Amino acid sequence: MTVSAVSSPKSSAAASSPNRSRIQASLKRRRGAETRFRFYGIASVTIAIGFVLFLFGTILHDGVPAFWQPVVKVDVTFDPAVIKVEPKPVQQPDQSPAAFQRANLDWQRKVSLLNWNRIVENSVRAEAPDIQMTPRDIQAMISQNERYRLRNMFIENPDLLGKTVPVELLASANVDVWLKGDIDRSIASDRQQLPEAARTLADRFYEDGRIRMAFASVLFTNTDSRNAPAEAGLLGAFIGSLYMMIIVIVLAVPVGVASAIYLEEFAPKNRLTDLIEVNINNLAAVPSIVFGLLGAAVFINYFHLPLSAPLAGGLVLSLMTLPTVIIATRAALRAVPPSLRQAALGLGASRTQTVFHHVLPVTYPGILTATIIGVAQAIGETAPLLLIGMNAFVTSLPVSPLDQSTALPVQIFLWEGNENRNYFEPKTAAAIIILLTVMLALNAIAIVLRSRFERRA
Amino acid sequence: MMFNAPETQKMNANVAPVSIPDPASVALPKTFQTVRTPDPEPRQVRVHAKDVSVFYGPKQALFDVSIDIPEKAVTAFIGPSGCGKSTFLRCLNRMNDTIEGARVSGTIQLDGEDLYDPKLDVVELRARIGMVFQKPNPFPKTIFENVAYGPRIHGLATSKTDLEQIVVESLQKASLFNEVKDRLHEVGTGLSGGQQQRLCIARAIAVSPEVILMDEPCSALDPIATAKIEELIDELRANYTIVIVTHSMQQAARVSQRTAFFHLGILVEEGPTEMMFTSPAEKRTQDYITGRFG
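Protein sequence lines correspond, in order, to chains A and B. Residue 281 in our numbering sits at position 288 of the first sequence; the count goes up by one each step and never skips. Basically our numbering = 1-based index in the second sequence + 20.
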């Protein structure tokens, strides 16, 4: 007993020193590993942020200039020599409203047939009398649809006849490209998009301030356009996307949440539900273009829904979003602590009461986030829409989800492929900025709603 | 061979039906026998369980437990972890139904009514046998809503004032009212642990159950909160039949009138608390109480 008591401190001291040096050696190794790991982490975060910044930087660099486009300030003379038309009819005392309507329309048709191109031409020519310009030179400078604007101005206010008013006319896409430097100025004159005279004039106007860069509101107020690319906008695509978003919210969210609640809370656990679960998980991984094929086969070919309609698109996107919503909702339900269920069941609440009074309310933030992410994913989807004809060129605003329309991402796809490359590249980037802004807004709503629900819970 | 110690002579065959040496039970191993000691003055039996076995899938968690739970008294279930005391408690209001793969055999009666009768409505049963859980689990709603929820779903209150009265009375009975009367409409999860547990007790009382089951109600609480809950249990005994599962021997000794000792899924011994803690009949009980195992 004594012997061992005496010997043990000795032996332990002898044993501890090699142990200690071993521990110290391993300490160095462990610290090294930690430092390396931290370095890897920082490096990968830096690379990731670098890529994101590069992406956003490129998009912003390309897209922001497209939010401004050149307008030409000219004095437009409503020359009676060109505008040869009788005065606008006024309601006569003995005239029936129908007859007046007819006379008015008749007058408007006559106004439309006037040579409005000549008015545009004359006003531009008057600004620079010293430059020899053909009518084509001038038409190449001013956006095609501006003559209709002048016409509408006159129809609304016939008193303009004989007067001269300053108007800002939208410059054509080619002027935009020339002034922004999106075309190489050194290439031969016959290969330039603008005729020589128009180029000279554009430069002179830009220098003396008669051409200025105005905010490109057409992006938000116009639909797509081919004969006047300078006036092409995103409104039609935006409305199309909006319809589809509403359809997804109305269809995919209630169906998805209800299926998730049933599968998670009420369904018996057996082969059939296992099979359903596996299939739902697989559906979430199905490439979106396959959903497009399904939509073309089922909604277009079988149910004969109109081609290119947001209704068909919305249905396809709903199918695509369903698995996301179901999986996320089930995850949210599964995350509810069992103690909450026990509390309700122990009080004598039925299963339905337990789910709807207690379990579901705490999952609202999760379900909401999942829903908004699902919806955002859906409105950013392009591939399935191409297969149901939503890549059509549509210049009219869709009035209902049954009308032809495109969607924001599809419009980006269309513009990116436009043959007028140097003009549409910045415009595509601008459209991407708008789409991303819509996405960010949706996510911001998700975050706000989520924090509000969480505060309440 | 069956009755191994002289103390077991106290055992009364009338309250221990399983112990009658009939051929079936003779075949059972010795460990399946429960040593029973009746109360000096018999109490009315409220819950009567006979040969209750519980299986979780293929695993048997409880072996032929038979026990009578007296009215207006606290019965404590003690035993080491995993001995089946919580499992048995959950059988009494059929909370085991909610566990996947759990199966219960044997009979449990409340006032002679079979709890496992397929025609019986579990929802009604749980209104009659309330439960307080190990971890305080108030709903993430206001204090008022927590207590009002039970009466509301069972339709116990006929008017708003009626409901308010039930809430106030329940909180008073749970001796929580004075602490929360100014913040009835604040969230229940914002209370301290002990207050939360008393809120859960108030919530259970609000539906006026006949029996209250408590599954280690103080295991997550500090000694002061524990003392308050124990005091409360003692007060509630006057009106309710209470069954409490506890890991704390002192707690069982303090609050209960009868104690049942479980070990490895078997009800080893049950009897008046005083006797159980001073002169237990079974060696295993003795060993557990004196801290030799468990």
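Glycine residues also receive a C-beta, built at the ideal position from the N, C-alpha and C atoms. Here the structure is a predicted model, which means the values were calculated and not measured.
#1: Give the range of the beta strand (DSSP E) segment to which residue 281 of chain B is assigned.
#2: Since residue 69 of chain B and residue 279 of chain B should fall inside the 8 Å C-beta cutoff, what is the C-beta to C-beta distance between them, to a whole number of angstroms?
#3: To the nearest whole angstrom, what separates the beta carbons of residue 167 of chain A and residue 187 of chain A, a pair I think is in contact under 8 Å?
#4: Can you list the residues of chain A that residue 155 of chain B reaches, using a CB-CB cut of under 8 Å?
#5: Is the stretch 247 to 259 of chain B close to the stretch 193 to 203 of chain B, with three or more CB pairs under 8 Å?
#6: By the DSSP assignment, the alpha helix (DSSP H) with residue 291 of chain A in it spans what residues?
#7: Does any C-beta atom of chain A lie closer than 8 Å to the C-beta of residue 118 of chain B?
#8: Can you list the residues of chain B that residue 355 of chain A reaches, using a CB-CB cut of under 8 Å?
#9: Starting from residue 342 of chain A, find everything on chain B with Cβ-Cβ shorter than 7 Å and list it in chain order.
#10: May I have the straight-line CA-CA distance separating residue 68 of chain A from residue 56 of chain A, to the nearest angstrom?
#11: Could you tell me whether the Cβ atoms of residue 229 of chain A and residue 399 of chain A are closer together than 8 Å?
#12: For a quick check, are the C-beta atoms of residue 239 of chain B and residue 267 of chain B less than 8 Å apart?
#13: Across the stretch 350 to 357 of chain A and the stretch 298 to 315 of chain A, are there enough close Cβ pairs to call them in contact, namely three or more that are closer than 8 Å?
#14: Taking C-beta pairs closer than 8 Å, name the residues in chain A that residue 272 of chain B reaches, listed in chain order.
#15: Measuring alpha carbon to alpha carbon, tell me which residue in A:430, A:317, A:41 is nearest residue 363 of chain A.
#16: Taking a Cβ distance cut-off of 9 Å, strictly less, list which residues of the stretch 243 to 274 of chain A are near chain B, in chain order.
#17: Any Cβ of chain A within less than 8 Å of the Cβ of residue 295 of chain B?
#18: Return the residues of the stretch 210 to 241 of chain B that lie within a Cβ-Cβ distance of less than 8 Å from chain A, sorted by chain order.
#19: Under 8 Å: do the stretch 154 to 169 of chain B and the stretch 214 to 224 of chain B share three or more Cβ pairs, one atom per stretch?
#20: Determine, using beta carbons only, whether residue 302 of chain A and residue 395 of chain A come nearer to each other than 8 Å.
#21: What in chain A is Cβ-close to residue 143 of chain B, meaning under 7 Å?
#22: What three-state label does DSSP hand residue 373 of chain A in the structure shown?
#23: Using the three-state DSSP reduction, which class does residue 97 of chain B fall into: helix, strand or coil?
#24: Quick one: which chain B residues come within Cβ less than 9 Å of residue 335 of chain A?
#25: Does residue 412 of chain A pass the burial test, meaning 16 or more other C-beta atoms within 10 Å, or should it be called exposed?
#26: Measure from the C-beta of residue 257 of chain B to each C-beta in chain A and report whether the shortest distance is under 8 Å.
#27: Should residue 407 of chain A be labelled buried (16 or more other beta-carbon atoms within 10 Å of its own) or exposed?
#28: Excluding the 5 residues preceding and the 5 following residue 218 of chain A in the sequence, name in chain order all residues of the same chain whose CB lies nearer than 7 Å to its CB.
#29: Chain A beta carbons: is any one of them nearer than 8 Å to that of residue 249 of chain B?
#30: Just verifying my parser: in three-state terms, what is the DSSP assignment at residue 180 of chain A?
#31: Is there a Cβ of chain A sitting closer than 8 Å to that of residue 169 of chain B, yes or no?
#32: Less than 8 Å between the beta carbons of residue 403 of chain A and residue 432 of chain A, yes or no?
#33: Please list, in chain order, all residues of the same chain as residue 116 of chain B whose beta carbon is under 8 Å from its beta carbon, the five residues on each side excluded.
#34: In the DSSP assignment, find the unbroken alpha helix (DSSP H) run with residue 254 of chain B in it and report its ends.
#35: According to DSSP, is residue 162 of chain B part of a helix, a strand, or is it coil?
#36: Can you say whether residue 377 of chain A is buried or exposed, counting buried as having 16 or more other CB atoms within 10 angstroms of its CB?
Concretely, from the data shown:
#1: 278 to 283 is the span of the beta strand (DSSP E), which, as asked, contains residue 281 of chain B.
#2: At roughly 16 Å, the Cβ-Cβ gap does not stay under 8 Å, so residue 69 of chain B and residue 279 of chain B are not in contact.
#3: Right, their Cβ atoms sit about 5 Å apart.
#4: Within chain A, 332 have C-beta atoms less than 8 Å from the C-beta of residue 155 of chain B, given in sequence order.
#5: Pairwise C-beta distances place the stretch 247 to 259 of chain B in contact with the stretch 193 to 203 of chain B, as three or more of them are shorter than 8 Å.
#6: Counting along the chain, residue 291 of chain A falls outside any alpha helix (DSSP H), and DSSP gives it neither H nor E.
#7: Yes, residue 118 of chain B counts as interfacial toward chain A.
#8: Going along chain B in sequence order, the residues near residue 355 of chain A (Cβ under 8 Å) are 160.
#9: Listed along the chain, the chain B residues whose CB falls inside 7 Å of the CB of residue 342 of chain A are 173.
#10: Going by the C-alpha atoms only, they are around 31 Å apart.
#11: Taking 8 Å as the Cβ cut-off, residue 229 of chain A and residue 399 of chain A qualify as a contacting pair.
#12: Against a cut-off of 8 Å, the Cβ pair of residue 267 of chain B and residue 239 of chain B comes out as a contact.
#13: Under the 8 Å Cβ criterion, the stretch 350 to 357 of chain A does not count as touching the stretch 298 to 315 of chain A, having fewer than three qualifying pairs.
#14: Per Cβ cutoff of 8 Å: no residues; residue 272 of chain B is ~22 Å from chain A at best.
#15: Check the Cα spacing between residue 363 of chain A and each of A:430, A:317, A:41: the tightest is with A:317.
#16: Within the stretch 243 to 274 of chain A, the qualifying residues are 262.
#17: Using a CB distance cut-off of 8 Å, residue 295 of chain B does not count as an interface residue toward chain A.
#18: Correct list: 220, 223, 224, 227.
#19: By the C-beta criterion, the stretch 154 to 169 of chain B is judged to be in contact with the stretch 214 to 224 of chain B, since at least 3 inter-stretch pairs fall below 8 Å.
#20: Cβ distance < 8 Å, so residue 302 of chain A and residue 395 of chain A count as in contact.
#21: Residues of chain A passing the Cβ test: 341, 343.
#22: The answer is coil: DSSP assigns residue 373 of chain A none of H, G, I, E or B.
#23: Three-state DSSP puts residue 97 of chain B in a strand.
#24: Within chain B, the residues whose beta carbon sits less than 9 Å from that of residue 335 of chain A are 115, 118, 151, 153, 157, listed in sequence order.
#25: Within 10 angstroms of the beta-carbon of residue 412 of chain A lie fewer than 16 other beta-carbons, which makes it exposed.
#26: With a threshold of 8 Å between beta carbons, residue 257 of chain B makes no contact with chain A.
#27: Residue 407 of chain A should be labelled buried.
#28: The residues are 224, 225, 388.
#29: Not an interface residue.
#30: Note: residue 180 of chain A maps to coil in three-state DSSP.
#31: Chain A contact via Cβ: present.
#32: No; because the gap between Cβ atoms is not below 8 Å, this pair is not in contact.
#33: Excluding sequence neighbours, residue 116 of chain B sits near 74, 107, 110, 122, 124.
#34: Looking at the DSSP string, the run of the alpha helix (DSSP H) that includes residue 254 of chain B is 243 to 256.
#35: DSSP places residue 162 of chain B in strand when its eight states are reduced to three.
#36: Buried: at least 16 other Cβ atoms inside 10 Å.
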